[in-house]
Amino acid sequence: MAELLLGLDVGTTRVCALVLDPARGVRARAHRPLALRAPAPGRVEQDADAMVERAVESLREALAGARAEARDVAALGLAAQRATAIAWDAASGRPLAPAIGWQDQRTAARVAALRREGVPATTLASATRFERWLRAEGGADEVSAARAVRAAGEAGRLRLGTPDAWLGFRLGGARRSVTDPGHASCTGLYELREGDFDARALALYGIPREALPAVVATCEVVDRLDPALLGAAVPLAARAGDQQAAAFAAGTHARGEAKLTLGTSAMLDVHAGEAGEGALPSAPGAHALALWRLAPGARDALCLEGSVLTAGAALDWLARLGVAPSAEALDAAAAPSSGGAWFVPALQGLGTPAMALGARGVLGGLSLATGRGEIARAALEGVAQRCADLCEALGVGAGALGVDGGLARSGPLLQLVADYTGLVVERAAEVETTALGAALLAGLAAGVVPDVAACRALRAAPARVPPRLAEPDRRAARAAWRAVLAHCASAPTSAFDAPGRGTSPA
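Numbering (my numbering), first residue to last: 26 to 531.
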C-alpha cells in the first residue's frame, strides 16, 4: 500500500521536493534554482514553464534519493509563492506572457489611483497584474503579450491564476484549474467572509470569473498527476501558500499560535480563528488572509500576516560591504555588545506596523571605538528588534514562537528574538518546513495522516530557545528601540497594505 507523501515547494528563487515517510520521517530532499528576470526597473518576471520543469526535476530527484517510485506515493502536496500572476491558454497549456512576480511594481501608479478612490488595492496582490494584461497596458513587449491574453479571453481559452493553479493545471495533465483559499486571498479579489472570489472586485478590475480557478479546499483530492511525469497518477491532494504551508508544519493550528519565517525578509503569521467567528482580524500594517480550508465544506482558518521587509537581505548587504566574509559569518564576527551602535534594517523601507516604504536604513550610535564586530552585533539586534515589533503589532504576547527559514540557523539571532519578544523561540528541526507542510496537508487529505493532532505528532521536536533577558531589561531595550525608529520613519503611509479583502470596493 502506498504510504509515502510528496511535498513540493515552488518558491521565488528555488524549488524543493521532499519525500515524507509518516513512520520514519523525511527520507529525501531535492532542490533546483528558479531564475528571476528584471527587464526594467520595478519589473520582476519569471518563466512559467521553468517552474513546471524545475518542479518535475525536483520530484524525480527526491524520489530517487528516497529509493522510491511514484507508485509508492499516496499523495502529493503543492506549496507555492503566492501573488505572482500567470496567464495561460487552456487549450494549448502554454503561458501567454512571462509570469509577473509578486515583487513587481509596474502597477504602483494604478494602485495609488485606486487607493485615492477608496479601494484597498495593493501591489502585493495579483489583481492589478491581471488587469494590466486585460487592458493591454505597458511597453511594446507587454502590449504584445497582452494581445495574446485578450485573444485567448475572446476565444474562451484564457486562464489567470497564481503559481499553484498553473502548476496544478500542468502537473495534472491540463485538466483543471483550481486554487485554495490561502492563495485566492492573496489576489486582492477574494472575499474572506464568503470564502470565494468577490463579484464586485472582479467587475472593478474587469476580470472574467471564468478565467480564474475554482476555489477548492486546501486538503482535497481534485486531480491526479499526469502519469507521464513520474510514472504513476499520484493524487494531487493539497495546495497551499508557501507561508501557510510553513505555518501548518510549525503547528500553528489554533487561534493565537504563531510562526516566524526568517529569510530574505521576515514573515510572521498569527492564527486568527475561523471565518464567521466575528469581525475580520486586523492590525496596523498587517494582512488579513486565509490560512487554509482543511476539508470541503469546512470554514476557512484566517491569519494576520506582517513582515520585516529586509532581514537576511540586510545581513547580506553588510557582508558585501566587508563587515564579515558572508552573512553566515556575522554570528562569529559579532562582538558581545554593540557598544552603543544601532542599526535599523529598513533598506527597502519599514514593514509592519508602519508600512513606511520611504523609510531608509540607519546605522547610528557610532564612535571611534566602533568596529566591524560592533556593527555586526547591531545588525543582529536590529533584525531581532524588528521581529519583536511584528510580534507586538500582531498581538503575540505569550507561549512559544515557531521559527523557520534559512536565517533561523543563526543561534545568536534566535536568542535576541527570544530576549526582545519575551517568548520561547522554537526552531524547526526540519529546514524545509514549507515542503513538509505541503506533504502533511496532502497526508491529511489522503487519509494517510488521520487528523491535525497526528500531523503535529509527526513533527520532530524543535530546538527551544528561552529568553535570557530580565523583563525590566527587555522593556528598557524595547523603549530604546522605539526611540531609534523615529530616526528613519520618513514615510508614515504607503500604498502597500493587506491583499486579503475584508470588504469589497463600492
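The beta-carbon is built from N, C-alpha and C at its ideal position, and this holds for glycine as well. Here the structure is a predicted model, which is why all the values come from computation and not from measurement.
Same chain, Cβ closer than 7 Å to A352, neighbours up to 5 away in sequence not counted: G337, L340, D341 and A344
Short Cβ contact (8 Å threshold) for S151 with T187: yes
CA nearest to the CA of E235, picked from T289, C244, A177 and A274: A177
Assigned exposure category for L426 - 16 Cβ within 10 Å defines buried: buried
Top-ranked residue by Cα proximity to D257, from T458, A93 and D223: Correcting the residue type first, residue 257 is Ala in the shown sequence and not Asp. Ranking T458, A93 and D223 by Cα distance to A257 puts A93 first.
Secondary structure of E282, DSSP reduced to three states: coil
A228 versus P437 - alpha carbon distance: 50 Å
Cβ pair A104, V40 closer than 8 Å: no
Classification of L346 by the beta-carbon crowding that lies within 10 angstroms, buried from 16 upward: exposed
Boundaries of the beta strand (DSSP E) in which M292 is found, first to last residue: A291 to E299
Length of the line joining the Cα atoms of L61 and A495: 45 Å
Helix, strand or coil at W342 according to DSSP, with G and I counted as helix: helix
Cβ neighbour criterion (16 or more within 10 Å) applied to R131: buried
Through-space distance from P309 to A242, alpha-carbon basis: 29 Å
Local Cβ density within 10 Å of T38, reported as buried at 16 or more and exposed below that: exposed
Residue from S362, M380, L254 and L327 with nearest C-alpha to E399: S362
Contact set for T286: own chain, Cβ-Cβ below 7 Å, skip 5 residues either direction: Q268, A271, M292, D429 and G430
Residues that DSSP places opposite E330 in a beta bridge: D294 and H312
Residue environment, A523, which counts as buried when at least 16 other CB atoms sit within 10 Å: Low confidence applies here, because A523 scores a pLDDT of 45, under 50, leaving its location unreliable; read the following figure in that light. Flag for A523 reads buried.
Limits of the beta strand (DSSP E) - the one that G50 falls within: G50 to P58
Assigned secondary structure, S519 (DSSP; H/G/I helix, E/B strand, else coil): At S519 the pLDDT is 43, less than 50, meaning the model places this residue with poor confidence; the figure from the coordinates comes in the next sentence. Correct three-state label for S519: coil.
Residues that DSSP places opposite D325 in a beta bridge: Note: D325 sits in no beta bridge, so no partner.
Simplified DSSP assignment, three categories, for D548: No answer is possible for residue 548: it lies beyond the span of the chain, which begins at 26 and ends at 531.
Close beta carbons around V246, own chain, < 8 Å, minus the five adjacent residues each side: A100, P260, L261, A262, A470 and A471
Among V240, V450, R280 and V144, the one whose alpha carbon lies nearest that of E302: R280
Sequence-distant residues of its chain with Cβ nearer than 7 Å to E20 (five each side left out): Residue 20 lies beyond the range of the chain shown here (26 to 531); nothing can be said about it.
Segment contact, 8 Å Cβ cut-off, at least three pairs: the segment 121–135 with the segment 65–79: yes
Local conformation of L45 per DSSP, three classes: strand
Burial state of R489, where buried means 16 or more other Cβ atoms lie within 10 Å: exposed
Three-way DSSP call (helix, strand, coil) for G431 in this model: helix
Nearest to G424 (by Cα), restricted to the options S435, P47 and E451: E451
N- and C-terminal bounds of the beta strand (DSSP E) containing I111: I111 to D114
Continuous alpha helix (DSSP H) stretch holding C244: start and end: Premise fails: C244 lies in the beta strand (DSSP E), C244 to R249, not in any alpha helix (DSSP H).
8 Å contact criterion, which V44 and L33 should meet: CB distance rounded: Between L33 and V44 the Cβ distance is about 11 Å, and since that is not below 8 Å, they are no contact.
Limits of the unbroken alpha helix (DSSP H) element including V477: V477 to L483
S117 versus G374: straight-line alpha-carbon distance, rounded: 42 Å
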